[in-house]
Amino acid sequence: MNEANLRANARFVVITGLSGSGKSTALRALEDLGFYAVDNLPVELLPAFVTLPLGSAGEPFRAALVMDIRAPRFVENAPQVFIDLANRGFSLDILFLEASDAALVRRFSQTRRHHPLASDNDTIQDGIQRERLLMEPLRQQAAQIVDTSRFTTHELRREIFRLYSELAPPAPLQVNLLSFGFKYGLPPEADMVLDVRFLANPYFIHDLRQLDGQDARVVDYVFKQEDTGAFLSKLKSLLDFLLPRYRQEGKSQLTLAIGCTGGRHRSVAVVEWLARELKSPECRVTVRHRDLTLDNAT
Numbered sequence: 044m045n046e047a048n049l050r051a052n053a054r055f056v057v058i059t060g061l062s063g064s065g066k067s068t069a070l071r072a073l074e075d076l077g078f079y080a081v082d083n084l085p086v087e088l089l090p091a092f093v094t095l096p097l098g099s100a101g102e103p104f105r106a107a108l109v110m111d112i113r114a115p116r117f118v119e120n121a122p123q124v125f126i127d128l129a130n131r132g133f134s135l136d137i138l139f140l141e142a143s144d145a146a147l148v149r150r151f152s153q154t155r156r157h158h159p160l161a162s163d164n165d166t167i168q169d170g171i172q173r174e175r176l177l178m179e180p181l182r183q184q185a186a187q188i189v190d191t192s193r194f195t196t197h198e199l200r201r202e203i204f205r206l207y208s209e210l211a212p213p214a215p216l217q218v219n220l221l222s223f224g225f226k227y228g229l230p231p232e233a234d235m236v237l238d239v240r241f242l243a244n245p246y247f248i249h250d251l252r253q254l255d256g257q258d259a260r261v262v263d264y265v266f267k268q269e270d271t272g273a274f275l276s277k278l279k280s281l282l283d284f285l286l287p288r289y290r291q292e293g294k295s296q297l298t299l300a301i302g303c304t305g306g307r308h309r310s311v312a313v314v315e316w317l318a319r320e321l322k323s324p325e326c327r328v329t330v331r332h333r334d335l336t337l338d339n340a341t
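Heads up: the sequence shown begins at 44 in our numbering, then just goes up one per residue.
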């Protein structure tokens with residue numbers, strides 16, 4: 044792909060600003076929006092990076108890159124590198140994050156991290172002031188300046204989504220469906236747990252005991268129950284309400300665990316049904332049956 048095509052097919056967001064202002068959070072948010080994410084790229088490598096044929100033919104390529112004071116000669120070289128790339132026609136947005144001195148001091152104190160520009164004899168405040176002065180020329184070049192002083196991590200993610208979601212729609216929500224048996228313990232990775240032990244148990248039907256919830260005969264037994272239909276209808280309505288809001292909030296994945304006694308019959312059947320119902324362009328669904336092979340007491 045020649046440079047003209049690369050210019051037309053790519054968009055780059057350079058995240059820079061003050062140490063402690065939330066650059067890593069912004070990078071993760073853009074990654075969740077589908078941007079290719081790179082942390083601490085030396086500015087001297089940016090001209091080579093933007094010409095790499097990383098995108099698919101005909102598909103727009105989006106990259107977010109954190110570049111800041113950690114890299115040697117960043118302050119000296121970055122302004123001219125950014126100007127040169129803009130003059131060559133590359134779409135390069137500079138996102139500058141900052142915060143008040145009080146907010147930055149509090150964050151460094153909470154994390155017990157050393158400010159990169161504070162010497163052994165300096166206070167955190169000294170390092171902040173030195174960095175603020177050095178970064179002012181880059182602040183003047185920024186397309187977006189965001190003061191994160193009053194933002195929580197979630198609020199900063201929402202702000203990044205607001206600023207850049209038009210460039211790359213949010214990636215599908217990853218919904219991980221997990222069946223399990225309560226007798227083997229709750230799955231620690233679950234965000235939500237539902238108990239389907241109120242449904243009649245196929246284990247007590249002799250011809251179904253050795254089967255599992257992927258077998259049509261077990262599915263028929265579980266789904267012919269009146270309570271099953273009512274439960275699944277309410278569950279689907281709940282998830283239809285929740286999942287778009289999780290996605291809007293910036294949540295990238297959700298693990299929903301469905302449990303019965305042993306994780307072999309009822310929970311498996313319900314998870315398989317949910318996987319079919321939830322699969323859509325907005326949801327990427329995975330299925331795991333944690334306890335399916337452990338025994339047949341469900």
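Yeah, the Cβ is synthetic: ideal placement off N, Cα and C, and Gly gets one too.
Quiz prompt | the ligand GDP heavy atom lying under 7 Å from the CB of E179 | solution = This structure does not include the ligand GDP; it has no bound ligands of any sort.
Quiz item: What is the DSSP secondary structure of I248, counted as helix, strand or coil?
Solution: Along the sequence shown, read from residue 1 onward, the residue named residue 248 stands at position 205. Judged by DSSP in its simplified three-state form, I248 adopts coil rather than helix or strand.
Exercise. Look at the alpha carbon of P85 and the alpha carbon of V57, and state the distance between them as a whole number of angstroms.
Key: Here residue 85 refers to the residue found at position 42 of the sequence shown. Here residue 57 refers to the residue found at position 14 of the sequence shown. Answer to the nearest angstrom: the Cα atoms are 12 Å apart.
Self-check item: Proximity below 8 Å, CB of L41 to CB of V189
Solution: The structure shown has nothing for residue 41, since the chain only spans 44 to 341.
Quiz item: Grouping DSSP H, G and I as helix and E and B as strand, with all else coil, what is Q172?
Solution: If you number the sequence shown from 1, residue 172 lands on position 129. Collapsing the DSSP output to three states places Q172 in a helix.
Quiz prompt | Segment limits, beta strand (DSSP E) that includes R331 | solution = Start at 1 with the first residue of the sequence shown, and residue 331 comes out as number 288. C326 to H332 is the extent of the beta strand (DSSP E) around R331.
Practice problem: May I ask you to list the residues that DSSP assigns as paired with N52? | Solution: The sequence position of residue 52 within the sequence shown is 9, counting from 1. Beta-bridge pairing links N52 to no other residue.
Exercise. Put L88 into one of helix, strand or coil per three-state DSSP.
Key: Translated into the one-based positions of the sequence shown, residue 88 becomes position 45. Three-state result, L88: helix.
Practice problem: Report yes or no: do three or more beta-carbon pairs, one from the region 86 to 93 and one from the region 115 to 131, lie closer than 8 Å? | Solution: Under the three-pair Cβ rule at 8 Å, the region 86 to 93 counts as touching the region 115 to 131.
Quiz item: Using DSSP with H/G/I as helix, E/B as strand and the rest coil, what is S323?
Solution: To locate residue 323, count along the sequence shown from 1; it is residue 280. S323: strand per DSSP, three-state reduction.
Quiz item: Going by beta carbon distance, what residues of the same chain come within less than 8 Å of V148, once the five residues before and after it are set aside?
Solution: Here the question's residue 148 lines up with position 105 in the sequence shown. For V148, where only same-chain residues beyond five positions count, the Cβ hits under 8 Å are I167, Q168 and I171.
Quiz prompt | V314 versus F104, R116, E292 and Q257, residue with shortest Cα-Cα distance | solution = The residue labelled residue 314 in the question sits at position 271 within the sequence shown. With distances taken between Cα atoms, V314 lies closest to Q257.
Practice problem: Kindly indicate which three-state DSSP category M178 falls into: helix, strand or coil? | Solution: As a first step, residue 178 is located in the sequence shown; it is residue number 135 there, counting from the start. In this structure, DSSP gives M178 a helical state, which the three-state scheme calls helix.
Quiz item: What residues are listed by DSSP as bridge partners for E141?
Solution: Against the sequence shown, residue 141 aligns to sequence position 98. Beta-bridge pairing links E141 to D190.
Quiz prompt | Residue(s) in a DSSP beta bridge with L222 | solution = Stepping through the sequence shown from its first residue, residue 222 is reached at position 179. Sequence inspection shows Ser at residue 222; the Leu mentioned does not correspond to that position. S222 is bridged to I301 and H332.
Quiz prompt | Span of the alpha helix (DSSP H) around A259 | solution = In the sequence shown, residue 259 corresponds to position 216, counting from 1. Run containing A259: A259 to F266, per the alpha helix (DSSP H) assignment.
Practice problem: For T68, I'd like the list of residues in its chain whose CB is within less than 7 Å of its CB, leaving aside the five on either flank, ordered along the chain. | Solution: Along the sequence shown, one-based indexing puts residue 68 at 25. Within the same chain, T68 has close Cβ partners T196, L199 and R200.
Quiz item: Can you list, in chain order, the residues of its chain whose CB lies under 7 Å from that of P180, leaving out five sequence neighbours each side?
Solution: On the sequence shown, residue 180 is found 137 positions in, with the first residue counted as 1. For P180, where only same-chain residues beyond five positions count, the Cβ hits under 7 Å are P122.
Quiz item: To which residues does DSSP link D82 through a beta bridge?
Solution: Locating residue 82 in the sequence shown gives position 39, counting from the first residue. For D82, which the question treats as bridged, DSSP gives the partners V109.
Quiz item: Would L140 pass as a contact of S64 if the rule is Cβ separation under 8 Å?
Solution: Residue numbering aside, residue 140 sits at position 97 when the sequence shown is read from its first letter. Residue numbering aside, residue 64 sits at position 21 when the sequence shown is read from its first letter. A Cβ-Cβ contact shorter than 8 Å links L140 with S64.
Quiz item: Residues in its own chain within less than 7 Å of L73 by CB, not counting five upstream and five downstream?
Solution: Working through the sequence shown from its first residue, we reach residue 73 at position 30. Setting aside the 5 residues that flank it on each side, L73 is surrounded in the same chain by V56, A80, A107, I203 and Y207, each with a C-beta closer than 7 Å to its C-beta; the list follows chain order.
Quiz item: With DSSP run on the structure shown, which of helix, strand or coil describes G60?
Solution: By one-based count along the sequence shown, residue 60 stands at place 17. Looking at G60 - three-state DSSP - the assignment turns out to be strand.
Quiz item: In whole angstroms, what separates the C-alpha of L254 from that of D283?
Solution: Taking the first residue of the sequence shown as 1, we reach residue 254 at position 211. Taking the first residue of the sequence shown as 1, we reach residue 283 at position 240. Using only the alpha carbons, I get a separation of about 31 Å.
Exercise. Have a look at T329 and L220 and give me their C-alpha separation to the nearest angstrom.
Key: Position 286 of the sequence shown holds residue 329. Position 177 of the sequence shown holds residue 220. Going from the Cα of T329 to the Cα of L220 covers about 6 Å.
Practice problem: Rank D238, F266, V262 and W316 by C-alpha distance to the C-alpha of G224 and give the top, closest one. | Solution: Here residue 224 corresponds to residue number 181 of the sequence shown, with the count starting at 1. Between G224 and the set D238, F266, V262 and W316, the nearest pair of CA atoms involves D238.
Practice problem: Provide the residue(s) that pair with Q217 in DSSP beta bridges, ordered along the chain. | Solution: As a position in the sequence shown, residue 217 is number 174, starting the count at 1. Answer is Q296 and R327.
Exercise. Would you give the residue range spanned by the alpha helix (DSSP H) that D238 belongs to?
Key: Residue mapping note: residue 238 aligns to position 195 of the sequence shown, counting from 1. Counting along the chain, D238 falls outside any alpha helix (DSSP H), though it belongs to the beta strand (DSSP E) covering M235 to D238.
Exercise. Can you tell me which of L61, Q268 and R193 puts its alpha carbon nearest to the alpha carbon of R173?
Key: As a position in the sequence shown, residue 173 is number 130, starting the count at 1. Of the listed residues, the one whose Cα sits closest to R173 is L61.
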